[in-house]
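Take a look at the structure below.
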Amino acid sequence: MNKSEKPRLINCQKGHRQDIYEVLQKDSKIFSNKDLKDIFMMALCIGYIHKTRLPISKKDFLFRTDQLPDNSEDYWIFKAIVVSSERNMDILLDEKQICEIAEEYANAGITLLKDNVLQSDDYADFSKRLESELRDILKNSLKK
Amino acid sequence: MRFEHLSISNYRQFYGENKIPFSKIKDGKNICIIQGENGRGKTNILNAITWCLYGDEINVKKNYDKEKMLPLVNIKIRDESPQGTVIDVNVEIQMRDDDNKSYTFSRKLGFKKNPDGTTVSVPIYSQTSRQQPDGSLFELLYQEGNDIKHAFAPEVFIERFFPFNIREYFFFDGEQLEKYFTTSSSDRIEQAVFDVSQITIVEKAQKELSKIHRKFVNELKNLDPKLQDLQQRVDAFEKSKQVHLAELAQKKTERDEAIKNESKINQELREKSSIPNIRELDDRRKKLEDEVKNFIRLRESLTEKKNDALLSKSSIIYCIDAILDTLQKIEEKTKKGELPPKIKRVFIEDILKAGKCICGSDISLHTTEKNKRQAILDFLESTDKISDISEKIVEGRTILRSMIDSVQDFESQQLEFSKEIGNVEKQITSNNEEVSSISKKIKGYNIDEITLLEESLQKFKQLIISTSEDISRINQRIESTNSSIKQTRKDIEEEVKKQGAHTEISKMLSFTNDSINALEEIKQEIMTELRVKIQNKTKEHFFNLIWKESHGNFKDVIIDDKYNIDVIYETGESCLFSLSAGEQLVLALSFMAALNEISGFQSPIVIDTPVGRISEKVKENIADCFNKYLKTRQVLILPTDTEYSSEVRKRLYKSVCDEYRIKFSNGAAKVVKYE
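Order-wise, the sequence lines are chains W and U.
Take the first sequence: its position 61, counting from 1, is numbered 61 in my numbering, and each next residue is one higher.
Take the second sequence: its position 17, counting from 1, is numbered 17 in my numbering, and each next residue is one higher.
Shown next, in the form of structure tokens:
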């Protein structure tokens, strides 16, 4: 496993920033006061939960990694997802790889997120479903 | 005296002949009910009775323009009759006195149908009866022994049984009784006492004596300048008194006009708003609507907070398995002693690069102590690659643990938010329901118009108070002028005596003066005696009628020497204007009963709309009152359908001997048995 530094940027698939991220930010009430990083985190988690990674064919800048300090919860979510999926803690040395894997999960998750949010009849409906889903996940996980 | 039957033919709503027989008072049953909806002829039963007896419909306002009222004759029969027909409107009342002698009063008036469909009244002439002012034929057939005789002047009998000037104490509208308990009621009460005292004869005598007195004074005046001077003073006082009386009459007219207007506006307000507190309801509605806006903002804020909390935890919860897994791996390494490592890999790499161990041994590539280099290489091999970032990982362990902890109360936190939002939504729903209910209640009412009416009402109330005060002042001036007249007359007498002259005239003068004063004293004594009797009777009836719950609250009922009626609370305080509507009605009925009894006239009582503006529960209490009311007298009650509820009917049942209702259809009212 190679050691590498954290890249400066987090990327998405070209076109997704305007077509999906910014649309979610503008048109969905749930992300109306959230930044692109927050949407990326949600997409990452949805991609992970669906165990789907999609490599980025053409990169486009999404946000800077300044927003992901080493001791932040969000960056440790990155690390936890990557350690869990690679089943190897050594990957923690390769921060470039950590970010790439996270980008791939988010790339898969973002279209699912968009469909889920924008197809909901209303904000309350999506929030209710999300709350119910999270409650179930938490219940099952803490049982183990 | 009791009614035996009432017959109403073609009078106002009553089509054809309507015969209403009344039973004798027996076994405590003295009440007859004729129930009718508003506008269907109920009040015209009362009007028919007074029209028959007095040629005057007591409940038709005197200042109403008769041109703008429906004619006396029933419209349906008028429309059915051919042109030129004369339709007879007839009301007949058969009565029986306590000696079982019968009296049948009847009044008839003809109406001829014009070509344009209207009618004109046609006077009826009779050689056996006096001509009535309105052209009606008023007759009385009365029993004398075994004979039935025809009275030439039925009015004389009317005055015997139901004197005109006290008719409103026998035949009255329940809704008008409150006029005895307003700020100007003392005049009405004094008038009522005067009316039942029947002392007009005393006043007439006083007037005649005053004329004679004046005649003598005029004779004297011509004879002596000093007497002339005194008489001039009397004349000046009399003139001044006349001015005051004229002023008094004007103020009373102003006040009565204001009272009428107040009553009219109250009626309008009742019609425009049967809800007495419509303004408060409207204000409450506005307050509720403002609260709803605030609640909606609060709900949105809480919802946003809830969703922020939801989103902030969503990443952690979605990846909880990965977090737990990573944490476990870190814990395992920690247990094994690999984290934190004893020696970091980078350190070993550095010493290998340097080619020198910390003990000083040569461990470079070319070293002769190859085993030492190998040992270090082996050690490097065994050292975890992640040892170089062990601090970050140890820190990460803390972060991962805190992330797990932070979602432990996720469910309870979300439930708490949901509960708060739920409470706010309940408030919104409750407020909206109340707003809707108020809107339904006040739908169709013009609040601005009602506000204007209420402002006018206040102005008239103020005018009533100010004119009442003026009346009081003028009365005092009149009293003072009367004293001056009395004193100056006495001075005239003294002067005449001193002079010793004109003994005859002075004797007559003295006599007439003394007689006038004596009559005034008699009048005042009678009035006082009657006032006290009426007070005591009113009190007796009041405490007999008032229901148990209120009984203990009151101590006394008084009518003072200024004819102000009052009710005294158990604490000794006045509480007339604090009486509830039901208690006020009982007081009014007690007062009427007292007037009736004191008057000495035993005629039946007719009460229209007795409990119009009273709440349901209080109506039931009033029904109980009627079971004890004037038990030896026939009482005819004309309630509306809402007044005569099933509960009220049940309560009155033991006192009711006859029960009718007015059935109305196609412009025709008919009185039928109740069931």
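We treat Cβ as the ideally placed atom computed from N, Cα and C, and that holds for glycine.
The C-alpha of Glu22 (chain W) is placed about 57 Å away from the C-alpha of Ala375 (chain U).
For the 8 Å CB-CB criterion, Asn513 (chain U) and His150 (chain U) do not form a contact. Around the C-beta of Gln13 (chain W), 16 or more other C-beta atoms lie within 10 Å, and the residue is accordingly described as buried. DSSP places Ala192 (chain U) in the uninterrupted alpha helix (DSSP H) bounded by Ser185 to Ser197. DSSP, read as helix, strand or coil, puts Ala153 (chain U) in coil.
Under a 10 Å Cβ-count criterion, Glu289 (chain U) is classified as exposed, with fewer than 16 other Cβ atoms of the shown protein chains found around its own Cβ.
According to the DSSP assignment, His5 (chain U) belongs to the beta strand (DSSP E) that extends over Arg2 to Ser9. Around Ser141 (chain W), the beta-carbon contacts reaching into chain U at under 7 Å are Ile320, Asp321 and Leu324. Looking at U:Ser185, U:Asp409, U:Glu433 and U:Lys344, the one whose alpha-carbon comes closest to that of Arg284 (chain U) is U:Glu433. Per DSSP, the unbroken alpha helix (DSSP H) holding Asp79 (chain U) starts and ends at Ile75 to Glu80. Among the residues facing chain W, Gln413 (chain U) is not included, as its CB has no counterpart in that chain under 8 Å away. With contacts defined as CB atoms closer than 8 Å, Ile546 (chain U) and Glu583 (chain U) qualify as a contacting pair. The contact set of Cys45 (chain W) on chain U, defined by CB atoms closer than 8 Å, consists of Ser314, Ser315, Tyr318 and Cys319 in chain order. In the three-state reduction of the DSSP assignment, Phe347 (chain U) falls in the helix class, which pools H, G and I.
The C-beta distance from Phe105 (chain U) to Leu140 (chain U) rounds to 5 Å, short enough to fall under 8 Å. Each of U:Val656, U:Met527 and U:Phe554 was checked against the Cα of Ile598 (chain U), and the nearest Cα belongs to U:Met527.
Close CB contacts of Ile91 (chain W) within its chain, under the 7 Å cut and outside five residues either way in sequence, are with Met1, Val82, Val83, Gln97 and Ile98 (chain order). Within 10 angstroms of the beta-carbon of Thr398 (chain U) lie fewer than 16 other beta-carbons, which makes it exposed.
For chain U, the residues of the region 81-95 of chain W that bring a beta carbon within less than 7 Å of one of its beta carbons are Ile81, Val83, Ser84, Met89, Asp90, Leu92 and Leu93, in chain order. For the region 48-70 of chain W, the residues whose beta carbon sits under 9 Å from a beta carbon of chain U are, in order, Tyr48, Ile49 and Asp70.
With at least 16 other beta carbons inside 10 angstroms of its own, Ala258 (chain U) counts as buried. With 16 or more other Cβ atoms from the protein chains shown falling within 10 Å of its own Cβ, Ala322 (chain U) counts as buried. Glu469 (chain U) and Leu245 (chain U) have their alpha carbons spaced roughly 15 Å apart.
Per DSSP, reduced to three states, the secondary structure at Ile56 (chain W) is coil, with no helix or strand assignment. What Asn423 (chain U) touches in chain W, judged by beta-carbon distance under 7 Å, is nothing: the nearest beta carbon there is about 17 Å away. With 16 or more neighbouring CB atoms inside 10 Å of its own CB, Leu281 (chain U) falls in the buried class.
Shown here, Glu643 (chain U) sits in coil according to DSSP, grouped into three states, outside any helix or strand.
A distance of 8 Å or more separates the beta carbons of Lys251 (chain U) and Ile465 (chain U). Taking C-beta atoms under 8 Å as the contact rule, Asp378 (chain U) and Val346 (chain U) fail to qualify, at a distance of about 17 Å. With a 10 Å radius around the Cβ and a threshold of 16 neighbouring Cβ atoms, Thr488 (chain U) comes out buried.
At a beta-carbon threshold of 9 Å, none of the residues of chain U lie near Lys6 (chain W); the nearest stands roughly 11 Å away. Scanning its chain for C-beta atoms nearer than 6 Å, with the 5 sequence neighbours on each side dropped, one finds around Val89 (chain U) the residues Asn10, Tyr11, Leu72, Val73 and Leu109, in chain order.
Of the candidates U:Val122, U:Lys631, U:Phe161 and U:Asp27, the residue whose Cα lies closest to the Cα of Thr85 (chain U) is U:Val122.
Within its own chain, the residues whose Cβ lies closer than 7 Å to the Cβ of Glu190 (chain U), once the five positions on either side in sequence are excluded, are Tyr563, listed in chain order. When beta bridges are read from the DSSP output, Val122 (chain U) appears opposite U:Gly110. Per DSSP, Glu289 (chain U) lies in no beta strand (DSSP E) segment; the continuous alpha helix (DSSP H) that holds it begins and ends at Ile278 to Tyr318.
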